[in-house]
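The block underneath contains the structure these notes are about, expressed in structure tokens.
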Amino acid sequence: MTEELIHIEVKSYDLSDAVKAAGGIDVSCCYQCGKCAGGCPVAYEMDLTPTQLIHAVQLGLKDLVFNSKTVWLCASCQTCTTRCPQNVDVAGVLSAVKIVMQCENKKAKIPDVLKFNKRFLENIKLFGRTYELGIVALFKLTTWNLTQDLVMGLKMFKKGKFNILPRFRGSWVVGKIFKRVGKKEKA
Amino acid sequence: MKYGYYPGCSLHSTAKEYDRSLIAVCDKLNVELVEIEKWVCCGSTAAHNRSKLLATALPMANLAIMQKMGLEEVIVPCPECFSKLKTAQHNVECDRKIKKAVADVIQTQCNDEAKVYHPLKIFSEEPLLSKIPTLVVRDLSKLKVVCYYGCLITRPPEITQFDVCEYPESMDRLLNAAGITTLDWSHKTRCCGASFAISKPDIVVNLSNQIIEDAKSVGADAIAVACPVCHANLDTRQPDMEKIFGIRYNMPILYFTQLIGYSFGISPKDLLLHRHMTEAESVFKINNQPV
Numbered sequence: 016m017t018e019e020l021i022h023i024e025v026k027s028y029d030l031s032d033a034v035k036a037a038g039g040i041d042v043s044c045c046y047q048c049g050k051c052a053g054g055c056p057v058a059y060e061m062d063l064t065p066t067q068l069i070h071a072v073q074l075g076l077k078d079l080v081f082n083s084k085t086v087w088l089c090a091s092c093q094t095c096t097t098r099c100p101q102n103v104d105v106a107g108v109l110s111a112v113k114i115v116m117q118c119e120n121k122k123a124k125i126p127d128v129l130k131f132n133k134r135f136l137e138n139i140k141l142f143g144r145t146y147e148l149g150i151v152a153l154f155k156l157t158t159w160n161l162t163q164d165l166v167m168g169l170k171m172f173k174k175g176k177f178n179i180l181p182r183f184r185g186s187w188v189v190g191k192i193f194k195r196v197g198k199k200e201k202a
Numbered sequence: 008m009k010y011g012y013y014p015g016c017s018l019h020s021t022a023k024e025y026d027r028s029l030i031a032v033c034d035k036l037n038v039e040l041v042e043i044e045k046w047v048c049c050g051s052t053a054a055h056n057r058s059k060l061l062a063t064a065l066p067m068a069n070l071a072i073m074q075k076m077g078l079e080e081v082i083v084p085c086p087e088c089f090s091k092l093k094t095a096q097h098n099v100e101c102d103r104k105i106k107k108a109v110a111d112v113i114q115t116q117c118n119d120e121a122k123v124y125h126p127l128k129i130f131s132e133e134p135l136l137s138k139i140p141t142l143v144v145r146d147l148s149k150l151k152v153v154c155y156y157g158c159l160i161t162r163p164p165e166i167t168q169f170d171v172c173e174y175p176e177s178m179d180r181l182l183n184a185a186g187i188t189t190l191d192w193s194h195k196t197r198c199c200g201a202s203f204a205i206s207k208p209d210i211v212v213n214l215s216n217q218i219i220e221d222a223k224s225v226g227a228d229a230i231a232v233a234c235p236v237c238h239a240n241l242d243t244r245q246p247d248m249e250k251i252f253g254i255r256y257n258m259p260i261l262y263f264t265q266l267i268g269y270s271f272g273i274s275p276k277d278l279l280l281h282r283h284m285t286e287a288e289s290v291f292k293i294n295n296q297p298v
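So the sequences go chain by chain: D and A.
For the first sequence, the positions run 16 to 202 when our numbering is used.
For the second sequence, the positions run 8 to 298 when our numbering is used.
Next comes the structure, spelled out in structure tokens:
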């Protein structure tokens, strides 16, 4: 992050409240020690380190947070959450930001990650359990990335790693759960 | 001993070898596994990145079925599922509002009494731990293995309540009991890239490469894992590592249950040793003598 003046419009948008509502986490305890950034295995790919992202959430810098790659690069490994001396659930904050962004229909800086999540949820909503071949095929179709991992996929297929056909065990139950969650969240 | 069994989606598809070898080992140890009837997906990473209520309701729906079946304890071999089930219990325990909302969504009471265990816990503790050496029929003492625990079996500790989060020893203890040598190394709990396997494979190749590199540098013949996602990443991405980093590892990646099962004399075919992408069967030729 380059050093420049940042303009904080007080009360224009309280991002930390939205994060608290979505994930139940209070970011105000963070005193910027940097331990989360030090332990993060994916920090090398991020534009803001987890420490900087938490600071941006504290300051309510909505645009900076929503336009960063960081939240979409979190692998949910829980290293940051485990090591935080202030007990801030850092990985939980990144999840909560993703939830807030989806509620507000914001574009993901790394669209493939969001697309994969969506395909995954559609899949379990339909089948009750994951039908892996279905998720991969649909994901590849929606990202137009058909050749990547094709050789490996075929080898795995030959080894019998994938179930060819889906089964519908529990699909009715999961469908209902999705429906009721949707209703509750709209209310 | 009788436990409920929640295999999770992977163990019925890409990680069948984990399912089969776990069941075979439990059979030898006289542990009865009763599969939860009509279990559903735990929601995995995708659900907790979409809605906290959804991510809590899906696991709780499974724990509710378990209660109806009269089961109090459940074995969850997939760390992703294990973590989601434990987190859901933690969520309803700490937040009354969400507990009520979940009960409405799953249309039954929340089962917060259920005891959720990773199989490493029951195997690495008494009474089963001291039973392990009595069942060993193949000497694997020359086999040097590093134990890779991954992220979610031990992290975050207030949720998982299992082992030491930074440097766990349970799998080492278990494999040692079966006569297998385990080595110290620094990547026991470093992330492999997890669910980016399909959406961001470059991260997986890089992180998994660091793990195998460290295993190789301490002189390991194989890596023992306890997670279907870790297994898939470390096992299937070795050709990509060769392309990008120019190193051909040929490092066998085995489920800890396959190693224990092999020491118990279970046949390689029953342990599905041939199902790995990186050839793994020949590692047992290092020593393969009956005790």
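Yeah, the Cβ is synthetic: ideal placement off N, Cα and C, and Gly gets one too.
Within the stretch 130-160 of chain A, the complete beta strand (DSSP E) runs of at least 3 residues fall at 151-155. What M258 (chain A) touches in chain D, judged by beta-carbon distance under 9 Å, is nothing: the nearest beta carbon there is about 16 Å away.
Among the residues of the stretch 100-121 of chain A, those with a Cβ less than 9 Å away from any Cβ of chain D are C101, D102, I105, A108, D111, V112, I113, Q114, in the order of the chain. When C-beta atoms of the stretch 109-116 of chain A are compared with those of the stretch 228-236 of chain A, fewer than three pairs fall below 8 Å, so the two segments do not count as touching. F172 (chain D) has a beta carbon lying at 8 Å or more from every beta carbon in chain A.
By the neighbour-count criterion, in which a residue is buried when 16 or more other Cβ atoms sit within 10 angstroms of its Cβ, L169 (chain D) is exposed. For G268 (chain A), the enclosing alpha helix (DSSP H) has its first and last residue at 263-270. Taking 8 Å as the upper bound for CB-CB distance, K207 (chain A) and V128 (chain D) are in contact here, some 6 Å apart. Interface residue (Cβ-Cβ distance to chain A less than 8 Å): I114 (chain D) is classified as such.
Distance from M178 (chain A) to A231 (chain A) at the Cβ level is roughly 6 Å; contact confirmed, criterion being Cβ atoms closer than 8 Å. Interface flag for W192 (chain A) against chain D is unset, since no Cβ pair is found closer than 8 Å. Counting along the chain, A231 (chain A) sits inside the beta strand (DSSP E) bounded by residues 229-232.
Counting along the chain, G54 (chain D) sits inside the alpha helix (DSSP H) bounded by residues 50-54.
Judged by beta-carbon spacing, S83 (chain D) lies beyond the 8 Å limit of A106 (chain D), meaning their Cβ atoms are not closer than that value. By the criterion of a C-beta distance shorter than 7 Å, A54 (chain A) is surrounded in its chain by L61, A62, L65, once the five residues flanking it on both sides are discounted.
Listed along the chain, the chain D residues whose CB falls inside 8 Å of the CB of F203 (chain A) are A90, V128. The C-beta distance from K91 (chain A) to S51 (chain A) rounds to 7 Å, short enough to fall under 8 Å.
Taking 7 Å as the cut-off between beta carbons, none of the residues of the stretch 64-85 of chain D comes near chain A.
Cα atoms of I30 (chain A) and P175 (chain A): separation of roughly 24 Å, rounded to the nearest angstrom. Exclusion of the five residues before and after A52 (chain D) leaves A58, T64, P65, T66 as the residues of its chain whose Cβ lies within less than 6 Å of its Cβ. Leaving aside the five residues that flank H70 (chain D) on each side, the residues in its chain whose CB is nearer than 8 Å to its CB run, in chain order, C45, Q47. Within its own chain, the residues whose Cβ lies closer than 6 Å to the Cβ of K128 (chain A), once the five positions on either side in sequence are excluded, are F169, listed in chain order. Non-local beta-carbon contacts of C48 (chain A) in its own chain, meaning distances under 6 Å to residues more than five positions away in sequence, involve C16 in chain order.
Nearest Cα to L141 (chain D) within the set D:D29, D:N120, D:W187, D:V80: D:W187. The residues F81, in chain order, have a CB closer than 6 Å to that of K121 (chain D) in the same chain once the five nearest residues on each side in sequence are set aside. Under the three-pair Cβ rule at 8 Å, the stretch 23-43 of chain A counts as touching the stretch 275-290 of chain A. Those residues of the stretch 162-184 of chain A placed with their C-beta closer than 7 Å to a C-beta in chain D are R162, P163, P164, C172, ordered along the chain. Our two residues, I139 (chain A) and K194 (chain D), have alpha carbons roughly 47 Å apart in a direct line. Against chain D, the CB of K45 (chain A) has a partner CB under 8 Å away; the residue lies at that interface.
Chain A has a Cβ within less than 8 Å of the Cβ of A37 (chain D).
If you draw a straight line from the Cα of D29 (chain D) to the Cα of A36 (chain D), it is about 11 Å long. Using a Cβ-Cβ cut-off of 8 Å, E119 (chain D) does not count as an interface residue toward chain A, since no Cβ of chain A sits closer than that to its own. Contact between the stretch 186-198 of chain A and the stretch 146-156 of chain A is present, with at least three C-beta pairs closer than 8 Å. Rounded to whole angstroms, the separation of the alpha carbons of D228 (chain A) and K151 (chain A) is 5 Å. With fewer than 16 other beta carbons inside 10 angstroms of its own, I251 (chain A) counts as exposed. L40 (chain A): member of the beta strand (DSSP E) spanning 39-42, first to last residue.
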